[in-house]
Amino acid sequence: MYTLSAILVAFLVLVICLYFYSEYKDCPPGPWGLPIIGYLHKIDRTTPNLDLMQLAQKYGPMYSIKLGLVNIVVISEAKLVRKVLSQDESLARPPLYTFKIMFGTRGITGTAVDLWRNQRKFVEKFLRTAGATKTATNRKTIEEYIRKSSEEFVQYVHSRGNRTIVNPSEAVMYYVTTIAAVIFLGASFKRDDQIQKDLTENLDKIVQLSTVSGPLNYLPFLDFVSKYKKMGNLYEQMIKDIKDTLEKFINEKMETSPATNLIGAFLSEMSKNDCPEIYNPAQLKQLVFDLFAASTETTLNSILWLMLYLAKYQEVQNKVRQELFDVLQGKTPQLDDLSNLPYTKATLAETARIRTVVPLGFPHYATDDIVVENVKIRKGTIIMPLLWAIHMDPEVWKEPEEFRPERFLNDQGKFLWHESFIPFQTGKRMCVGKDLGDMMVFLFFATVLQRVKIECGDSGKIDFSYVCGLPLLSKPQELVFVKI
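The sequence shown maps to residues -17 to -1, 1 to 467 in mature numbering (1 follows the signal peptide of the UniProt record, and there is no 0).
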């Protein structure tokens, strides 16, 4: 009797094993996890990029991992990212807790594919009209405003003395939010505006709480556990506070906002477009939130990382400044100048590589099976483009931990683009505000470095450690700004 039972159990186990083998034999390999929590217990919440990169080194450039109840395919090779994200079946966003609360079903960042297609066309048209793209012929106004805001940063530093010690986070945040406010809200912030302070403080807190590797994304039942419920409630309240503040701007601009800012452009479209399911106040509020939050946080962290590296590597800073002096010869910088500034451009690229602002990429979701190079990504799988691993791959980048702008220059000193360099991701759903972000970072530094020298703080050291949230956050620290 026992022998027969043992045979039956063994047979059932064999059948189950054969079933899973036949179902998943074409899927990427990956580590085994535990029941319910999967491999989540092995992923450090502050540095998930390192744990995920280590797994890529073991299982290859495309591997499967289960975090909690969620199946994920992690891709750590630029060529594979391009192939996967070019598929229509990969355009959707995943139903993660963080995404649901922050983005919902409206806006442009977390929307369903059909709404995203419509709103991306609208936003691209608006950015071109506003002069906030590289191909726009009317960039003069927006470039001038960016330079003016950069000058205000210089004046702020100079007003504190010829040599001043500052934690630049707050001042840089003011710079990026004032520009974003003009473009998206049609508002002009002053340094002591309480509404600007409220927005930036809440954004900063949200960014610190937001992480793709957070347990609530993968174990939704934790929402019933007191600790996580309190965390979730706090997160939801802060996002609500920001959206309520933005809604006040929208309501104030309903009658007066010109089409040169996002609110005015959307209201104009809403008045002439017979699609109330798309062009409505709720969609406008979320769209403003998506673009305002994305443009401020990514640009802020790009600038802060660049400041830290230039403070540490004085020889790089001096070369950038000398190139600016030689090429610009005292005139105000324009985006078109960047093509004549190869070392400056290489320094911007190297900073974006070594401290990728969105290290885990922006996740996608497979709405159907996707087959790439004979490997299957099953329907219902989250797709994670691991940009950190792509930019830190020692087989692509020699000594990737070294800060070396020359890796983006050819033998003639011209800028050299690498196909494995994708800081804004790639594919049909890549960052719609890439050009605006590039413009803000370049014009800021081209203006500031001609007037200010950046040095390490009194400790003489720079802390390059980080917290890996949605953006890669540097540790708060003081820098010295010297008047030139």
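We put the CB at the ideal spot given by N, CA and C, even for glycine.
Check                                                                                                                        : Outcome
Through-space distance from Gln408 to Pro454, alpha-carbon basis                                                             : 13 Å
Exposure label - Asp418; buried when at least 16 CB within 10 Å                                                              : buried
Cβ-Cβ distance between residue 501 and Leu289 below 8 Å                                                                      : Outside the shown range of the chain, which is -17 to 467, sits residue 501, and nothing can be said about it.
Short Cβ contact (8 Å threshold) for Phe221 with Lys188                                                                      : Looking at the sequence itself, residue 221 is Met, so the reference to Phe does not match. Cβ atoms of Met221 and Lys188: closer than 8 Å.
Inter-residue Cα distance where the pair is residue 498 and Leu274                                                           : Lying outside -17 to 467, the shown extent of the chain, residue 498 is not represented and no answer is given.
Nearest residue (CA-CA) to Gln191, options Tyr262, Gly247 and Thr29                                                          : Thr29
Distance, Lys213 Cα to Phe3 Cα                                                                                               : Low confidence applies here, because Phe3 scores a pLDDT of 45, under 50, leaving its location unreliable and the question unanswered by this model.
Beta bridge counterpart(s) of Ser457 as assigned by DSSP                                                                     : Tyr449
Ala119 (DSSP reduced to helix, strand or coil)                                                                               : coil
Where the alpha helix (DSSP H) containing Lys213 begins and where it ends                                                    : Ser209 to Lys236
Residue from Asp181, Tyr296, Pro316 and Gln269 whose Cα sits closest to the Cα of Leu245                                     : Gln269
Cβ-Cβ separation, Leu343 to Asn32 (assumed contact under 8 Å), whole Å                                                       : 6 Å
Close beta carbons around Phe272, own chain, < 7 Å, minus the five adjacent residues each side                               : Gly90, Ile225, Lys226 and Leu229
Spatial distance of Asp97 from Gln266 (CA atoms)                                                                             : 14 Å
Residue span of the beta strand (DSSP E) that contains Val299, given as start and end                                        : Note, Val299: premise wrong, no beta strand (DSSP E); alpha helix (DSSP H) at Gln297 to Leu311.
Own chain, CB closer than 6 Å to Arg372, minus 5 neighbours either side, in chain order                                      : One detail in the question is off: residue 372 reads as Ala in this sequence, not Arg. For Ala372, where only same-chain residues beyond five positions count, the Cβ hits under 6 Å are Met36, Ala39 and Ser59.
Chain-order list of residues whose beta-carbon lies under 6 Å from that of Lys117 (same chain, five-residue window excluded) : Asp418
Contact under 8 Å by Cβ, Lys458 with Val435                                                                                  : no
Entirely enclosed alpha helix (DSSP H) segments - the segment 340 to 387, minimum 4 residues                                 : 370 to 374
CA nearest to the CA of Leu426, picked from Asp320, Leu205, Pro346 and Gln300                                                : Asp320
Beta-carbon separation (whole angstroms), Ile162 vs Ser132, contact threshold 8 Å                                            : 6 Å
Span separating the alpha-carbon of Phe232 from that of Phe86                                                                : 19 Å
Cut-off 8 Å between Cβ atoms - residues of its own chain near Asp352, not counting five sequence neighbours on either side   : Glu72, Lys359, Ile360, Arg361 and Lys362
Pick from Pro203, Ser47 and Ala61 that is closest to Met375, judged by C-alpha positions                                     : Ala61
Heavy atom of the ligand NAD within 7 Å of Trp380 beta-carbon                                                                : The model on display carries no ligand, and the ligand NAD is accordingly not part of it.
Cβ-based neighbour list, Ala164, same chain, cut-off 6 Å, excluding 5 preceding and 5 following                              : Ala170 and Phe172
Start and end residues, alpha helix (DSSP H) containing residue 505                                                          : Here the chain has residues from -17 to 467 only, and residue 505 is not among them.
Classification of Asp257 by the beta-carbon crowding that lies within 10 angstroms, buried from 16 upward                    : exposed
Where Met253 falls: helix, strand or coil (DSSP)                                                                             : helix
Delimiting residues of the beta strand (DSSP E) encompassing Ile437                                                          : Val435 to Cys439
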